[in-house]
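This report concerns only the one structure given below.
Protein chains: 2
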Amino acid sequence: MGFALSQIGLETSRQFGEVMGTLGLEPRHFAVLHAVQRDEDQTQQAIGDLLAIPASTMVAIVDHLEGEGLIERRPHVSDRRARILHVTKRGETLLAEAMAEAMVQEARICVGLGANERAQLLALLARISLNLGVSSSALPDRGSGNRPQTI
Amino acid sequence: MGFALSQIGLETSRQFGEVMGTLGLEPRHFAVLHAVQRDEDQTQQAIGDLLAIPASTMVAIVDHLEGEGLIERRPHVSDRRARILHVTKRGETLLAEAMAEAMVQEARICVGLGANERAQLLALLARISLNLGVSSSALPDRGSGNRPQTI
DNA sequence: TATTGTTATACTCTATAACTATA
DNA sequence: TATAGTTATAGAGTATAACAATA
Chain B
1 MGFALSQIGL ETSRQFGEVM GTLGLEPRHF AVLHAVQRDE DQTQQAIGDL LAIPASTMVA
61 IVDHLEGEGL IERRPHVSDR RARILHVTKR GETLLAEAMA EAMVQEARIC VGLGANERAQ
121 LLALLARISL NLGVSSSALP DRGSGNRPQT I
Chain F
152 MGFALSQIGL ETSRQFGEVM GTLGLEPRHF AVLHAVQRDE DQTQQAIGDL LAIPASTMVA
212 IVDHLEGEGL IERRPHVSDR RARILHVTKR GETLLAEAMA EAMVQEARIC VGLGANERAQ
272 LLALLARISL NLGVSSSALP DRGSGNRPQT I
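Chains as they are written, first to last, in this note's numbering: chain B, 1 to 151; chain F, 152 to 302.
Listed below in structure tokens is the structure:
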């Protein structure tokens with residue numbers, strides 16, 4: 001069981017990386033882009049903390065996303081040290097495409113499974129998650145959660 | 152679903168690494184040790200190919216295992232370039248302990264699941280594996296299989 | 001000339017610690 | 001003095017390519 005889970009998990013995340021690659025994104029870029037859209041107008045550090053990404057790594061990721069015109073760094077109204085992250089129109093568009101691709105992958109993973117089989121599997125996985133102590137927080141790829149981990 | 156699978160797989164393999172760590176093994180060491188026991192008296196390269204581990208990495212892993220007295224490099228009868236890998240008595244003992252620990256982890260993962268729920272989950276995961284194209288070959292941790300991958 | 005194992009090297013990735021500008 | 005973001009740096013990990021012995 002442990003072997004199957006780890007094998008499947010690795011392959012799932014590998015294929016997800018491939019899919020994102022077709023859109024010019026790495027999983028980390030997608031994760032940050034998604035988090036920035038969800039928690040609109042948060043500080044760069046706040047987003048980094050949320051995903052357990054160290055500050056110096058965040059710089060590189062945000063640099064990339066900003067270079068692609070997908071997000072903007074905006075000044076913080078009251079703290080001139082901080083930067084507010086904001087998804088651009090182009091970022092929203094790409095994120096929508098990325099989500100669509102993710103749905104396609106989702107469908108590919110579950111091909112041949114009926115609706116109740118899928119529900120059954122999800123329920124069993126939820127119990128496994130509890131046993132493993134993974135908190136169902138955060139975003140695609142990588143657990144982040146509460147452990148000292150990163151993207 | 153994809154997120155859950157990748158999250159669970161990552162955590163499973165992380166915890167497996169922790170468990171192996173208590174025995175002084177990294178997952179890669181366990182994988183090679185296990186493979187050497189299963190495919191007794193194979194060439195170092197043959198084992199490496201089996202696990203998709205590049206030759207130079209194999210050297211380091213086998214160095215470690217030999218340094219711990221868990222396996223031996225023996226001369227090949229007909230090819231003096233090649234080395235035959237052989238599990239020592241001590242290696243067998245440690246491997247048995249490692250397998251026992253793996254069983255404990257297995258039990259921890261499946262706590263609260265009845266026998267038929269476990270079977271159900273395994274069956275569903277097998278179908279997911281097919282959808283993902285993972286061949287159920289190889290050894291614990293990491294997919295290896297046929298893709299250009301490594302430990 | 002090709003192949004096994006080894007060594008050396010270059011590359012990527014990541015985190016730690018210094019640095020600046022603000023607070 | 002502490003903090004947000006940045007930059008520089010060092011460390012680990014991995015693969016690629018050169019190398020020696022043998023086929």
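We put the beta carbon where it would ideally sit given N, CA and C, even for glycine. Please read all numbers here as calculations on a predicted model, not as lab measurements.
{"Query": "Using a Cβ cut-off of 7 Å (strictly closer), state whether glutamate 169/F contacts chain B.", "Result": "no"}
{"Query": "For proline 54/B, does the count of other Cβ atoms within 10 angstroms reach 16, so buried, or fall short, so exposed?", "Result": "exposed"}
{"Query": "With 16 as the cutoff for other CB atoms within 10 Å, does serine 207/F come out buried or exposed?", "Result": "exposed"}
{"Query": "Rank Met250/F, Leu174/F, Gly218/F and Ser229/F by C-alpha distance to the C-alpha of glutamine 188/F and give the top, closest one.", "Result": "Met250/F"}
{"Query": "Does the Cβ of glutamate 40/B have 16 or more other Cβ atoms within 10 Å, making it buried, or fewer, making it exposed?", "Result": "exposed"}
{"Query": "In chain B, which residues lie less than 9 Å from glutamate 177/F when you measure between Cβ atoms?", "Result": "Going along chain B, no residue has its Cβ under 9 Å from glutamate 177/F, so there is no contact; the nearest lies around 14 Å."}
{"Query": "Do we get a CB-CB distance below 7 Å when we pair asparagine 131/B with the residues of chain F?", "Result": "yes"}
{"Query": "Does any residue of chain F have a CB that is nearer than 7 Å to the CB of serine 135/B?", "Result": "no"}
{"Query": "Quick check on this structure: which residue in Arg179/F, Ala197/F and Arg241/F has the alpha carbon closest to the alpha carbon of alanine 211/F?", "Result": "Arg179/F"}
{"Query": "Looking only at its own chain, which residues have a Cβ that is under 8 Å from the Cβ of proline 140/B, when we skip the five neighbours before and after it?", "Result": "Its pLDDT being 39, under 50, proline 140/B is placed unreliably by the model, and nothing is read from it."}
{"Query": "Between leucine 85/B and chain F, is the shortest Cβ-Cβ distance under 7 Å, so that the two count as touching?", "Result": "no"}
{"Query": "Can the beta-carbon of isoleucine 159/F be found closer than 7 Å to that of glycine 9/B?", "Result": "yes"}
{"Query": "For isoleucine 279/F, go through chain B and note every residue whose CB falls closer than 7 Å to its CB, in chain order.", "Result": "Ile8 and Ile109"}
{"Query": "Give the secondary structure of isoleucine 204/F by DSSP, where H, G and I count as helix, E and B as strand, and everything else as coil.", "Result": "coil"}
{"Query": "Which residues mark the beginning and the end of the alpha helix (DSSP H) in which leucine 174/F is found?", "Result": "That residue, leucine 174/F, is in no alpha helix (DSSP H); it is neither H nor E in DSSP."}
{"Query": "Are leucine 276/F and alanine 4/B close, meaning C-beta to C-beta below 7 Å?", "Result": "yes"}
{"Query": "Relative to the ligand SAM, is the shortest distance from any of its heavy atoms to the C-beta of glutamine 195/F smaller than 6 Å?", "Result": "As presented, the structure is devoid of all ligands, the ligand SAM included, so that no description of it is given."}
{"Query": "Smallest Cα separation from threonine 43/B: which of Asn131/B, Ser78/B and Glu68/B?", "Result": "Ser78/B"}
{"Query": "Output the residue ranges of the beta strand (DSSP E) runs that lie fully inside the segment 71–137 of chain B and measure 3 residues or longer, sorted by chain position.", "Result": "71–75 and 83–87"}
{"Query": "Under 7 Å between C-beta atoms, does glutamate 11/B make it to chain F?", "Result": "yes"}
{"Query": "Going by C-alpha to C-alpha distance, which of Val170/F, Leu236/F, Glu243/F and Met152/F sits closest to glycine 199/F?", "Result": "Leu236/F"}
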